[in-house]
Amino acid sequence: MDKQTSDLTSLLEDALTVRQNLSFYRTRVRELSRHCDQQEASHNKRINDLQAEIQSLHQQAEASRHALASLKASSSWRLTAPLRVIARLAHKGLTFAKLLATGRFADIRTLLKKAGVTRPSVKDCAYTPGAILILSRPDDTSGMARALSAALTAAGFKAETVSSMPDICTAQFCFVINPQKFEELPPATHRICVQPAFTPGSLPENYVAMLKDSRAVLAESQQEIEALAQQGITYPSVFYVPEPGSEGDFHFFLCRLMMALGATDFSALYDQCAQHEIKTQLIALSLPETFERHELLKSKTSAALVFPGLRATPGWVGAACSFKYLAKKLLEAGVEQALIFEDDAEFTEGMNPEDILSFALKIRQEHCRWDVFSAFISDLHPDATISSVFEADGRQCVLLNRMVGMVCNVYSRNALTLIAEWDETNPDVGHNTIDRYLEAHDDLKIVTTCPFLVGHNEEMTSSLWHVKNSTMNHAFTTSSNLLFEKIWQFRTEKALKQGKE
């Protein structure tokens, strides 16, 4: 070994030492960050527990109110009401006795009416899981009431159609068709508005306020979603449910709505959509309620199936359920590999989704049988290990054992099987988001490129975390830089080993 080579080797060894020291401090920072995350998760769990306790108390209060309302509506209560009023009046004085003694019966009736001896008007709804009320005028000819009743009944709900609000309502949710036609409406927390008026700029303020306060407002098209947005009524209050009998799957979207409202779960939804088939290898994931993103997505590709993402609370559960739904359907259809990308993916390297899928399949055939080909890793784990670096079509490719990021990936059947097994009942946001779930399987073969083939649109707002994507730029840059460092370290160690040999 000549002196120049010896000096270069020494410099490389020193650089590796510096790299290892930096890695140590980065790992320490990561540990502290994880500790903070664990503390935050603990606090969030406590908050969720308290919210669940509050919800339980609300349900108990609803049950008590329902029992009281039922009692007050009973014939025995109405028949004995005068006696109770007489008792209260007798306790206060001799007024009633004097009126009775002098035969002033008209005054007695007036007094009883003022005291509230009339049939109660109970419009607040007691919570009864699975009970659905459909409020529709007799002159409605749209067929929406029948379609709702049939679909909800098929989904396991007990649906009842009425033309006016009953005095006592025990429904979990109340669908109101053409709400502008009703003077009396269900409580806002139970109200789902169907086919509301959409004429821009002409809606009364109180009507717009009623829509905003409602639990959900249904829209049958992207134009209606845009019209609602012009009135300030937007996601997450708005839900896309196509017109019955249209090209859209009315039953699927109705089940999607009920899952988002917490009235049903993923398993029930999936069972209801057994006939829904997905066989394509190109899938874009988007929420139709975010119409601007939806329209932008259509300009990126015409070959991909646009899947309407499932919704749940919290949002990350809905996102993971979307991937689980797609994985199960793809496995059932016998699809071997599939590319799934989110609507905020930016194709920055001159490759569209079709190109990325072809590139990934070529690598799988000629270089490495990957489990996941990732076009963008949003948060590379410090302990991720590189086992190979190679060139393909002039691009630097890397074989890793870990990844985090669902913006744009190609999945093999092995990865799809893991996603299909994700547990939607685990509320641990620190470990059970779909990307962290995959990251925990450190025996996967992950191939990515440096630089990444896809970016993240900075101007869009995350539909999961409700923050601008730009707020996560630092994490994305750190991930990219860490990948570069790991590639450099891998090549340096390989060169040193070959030099010493």
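Residue numbers (numbering that gives the first Met the number 0): 0 to 500. Glycine is no exception: its CB is placed at the ideal position from the N, C-alpha and C atoms. Remember, predicted model here, so these are calculated numbers, not experimental data.
Check                                                                                                                                                                   : Outcome
Where ILE385 and GLU484 are concerned, what is the direct C-alpha to C-alpha distance, given to the nearest angstrom?                                                   : 11 angstroms
Beta carbon of SER213: closer than 7 angstroms to some heavy atom of the ligand ADP?                                                                                    : Ligands in the displayed structure: none, and consequently the ligand ADP is not present.
Anyone know if the C-beta pair for VAL240 and LEU256 falls short of 8 angstroms?                                                                                        : yes
For ALA196, which residues of its own chain have a beta-carbon under 7 angstroms away from its beta-carbon, when the five flanking residues on both sides are left out? : GLN179 and LEU202
In chain order, what are the residue ranges of uninterrupted beta strand (DSSP E) at least 3 long that sit wholly in the stretch 385–436?                               : 385–391, 394–399 and 407–411
By Cβ distance, which residues of its chain are closer than 6 angstroms to GLY454, with the 5 residues on each side in sequence left out?                               : GLU345 and THR347
Out of HIS380, VAL428, ASP422 and ILE418, state which residue places its alpha-carbon closest to the alpha-carbon of SER479.                                            : HIS380
Got a sec? Which residues, its chain only, sit under 7 angstroms from ALA130 by beta carbon, not counting five neighbours each side?                                    : LYS157, THR169, ALA170 and GLN171
Taking PRO137 and SER162 to be in contact with their CB atoms under 8 angstroms, please state how far apart those CB atoms are, rounded to whole angstroms.             : 5 angstroms
Near LEU555, what residues of its chain come up, given a Cβ to Cβ distance below 7 angstroms and the 5 sequence neighbours on each side ignored?                        : Since the first and last residues shown for the chain are 0 and 500, residue 555 lies out of range.
Is DSSP giving LYS112 helix, strand or coil here?                                                                                                                       : For LYS112, the predicted model reports a pLDDT of 48, less than 50, meaning its position is unreliable; a value from the coordinates is still stated below. Correct three-state label for LYS112: helix.
Keeping to the same chain, check which residues put their C-beta closer than 6 angstroms to that of SER387; ignore five residues upstream and five downstream.          : LEU398
State yes or no: is the C-beta of TYR234 within less than 8 angstroms of the C-beta of LEU286?                                                                          : yes
Would CYS272 pass as a contact of ALA154 if the rule is Cβ separation under 8 angstroms?                                                                                : no
Should LEU281 and GLU341 be called a contact, given that it needs their Cβ atoms to be closer than 8 angstroms?                                                         : no
Taking all protein chains shown into account, decide if SER298 is buried (16 or more other Cβ within 10 angstroms of its Cβ) or exposed.                                : exposed
Going along the chain, which residues of its own chain have a beta-carbon closer than 7 angstroms to the beta-carbon of ASP441, five neighbours each way excluded?      : ASN400 and ARG401
Please tell me whether THR279 and PRO352 are closer than 8 angstroms, where the distance is taken between their beta carbons.                                           : no
Under three-state DSSP, which class holds VAL453?                                                                                                                       : coil
Could you give the distance in angstroms between the alpha-carbon of VAL446 and the alpha-carbon of CYS192?                                                             : 47 angstroms
For the candidate residues MET350, GLY349, LYS327 and ARG368, whose alpha-carbon lies nearest to that of GLU420?                                                        : LYS327
Would you report the Cα separation of MET350 and LEU452, rounded to the nearest angstrom?                                                                               : 7 angstroms
Could you tell me if GLN229 is buried or exposed, where buried requires 16 or more neighbouring beta carbons within 10 angstroms of its beta carbon?                    : exposed
Below 7 angstroms CB to CB, which residues in the same chain sit around ARG394 once its five sequence neighbours on both sides are set aside?                           : THR448
Taking the CB atoms as reference points, tell me whether MET258 and ALA215 lie closer together than 8 angstroms.                                                        : no
Rounded to whole angstroms, what is the Cα-Cα separation between THR117 and ASP248?                                                                                     : Any reading at THR117 is ruled out, since the residue's pLDDT is 36, under 50, leaving its predicted position unreliable.
Is the beta carbon of ILE232 closer than 8 angstroms to that of PHE290?                                                                                                 : no
Less than 8 angstroms between the CB atoms is what I'm expecting for ASN413 and ALA374, so what's the real figure, rounded?                                             : Their Cβ separation, rounded to whole angstroms, is 18 angstroms, which puts ASN413 and ALA374 out of contact at 8 angstroms.
Tell me which residues share the same chain as ALA359 and place their Cβ nearer than 6 angstroms to its Cβ, disregarding the 5 neighbours each side in the sequence.    : PHE372 and VAL409
For SER478, does the three-state DSSP call read helix, strand or coil?                                                                                                  : helix
In this structure, how does DSSP classify GLU223 when only helix, strand and coil are distinguished?                                                                    : helix
By the 10 Å Cβ neighbour count, where 16 or more other Cβ atoms means buried, how is CYS35 classified, buried or exposed?                                               : exposed
Is DSSP giving LYS496 helix, strand or coil here?                                                                                                                       : helix
Whose CA, out of ASP392, ILE53, LEU309 and PHE238, lies closest to the CA of SER266?                                                                                    : LEU309
Given GLU438, which residues of its chain have a CB within under 7 angstroms of its CB, disregarding the five upstream and five downstream residues?                    : HIS380, ARG401, MET402 and VAL403
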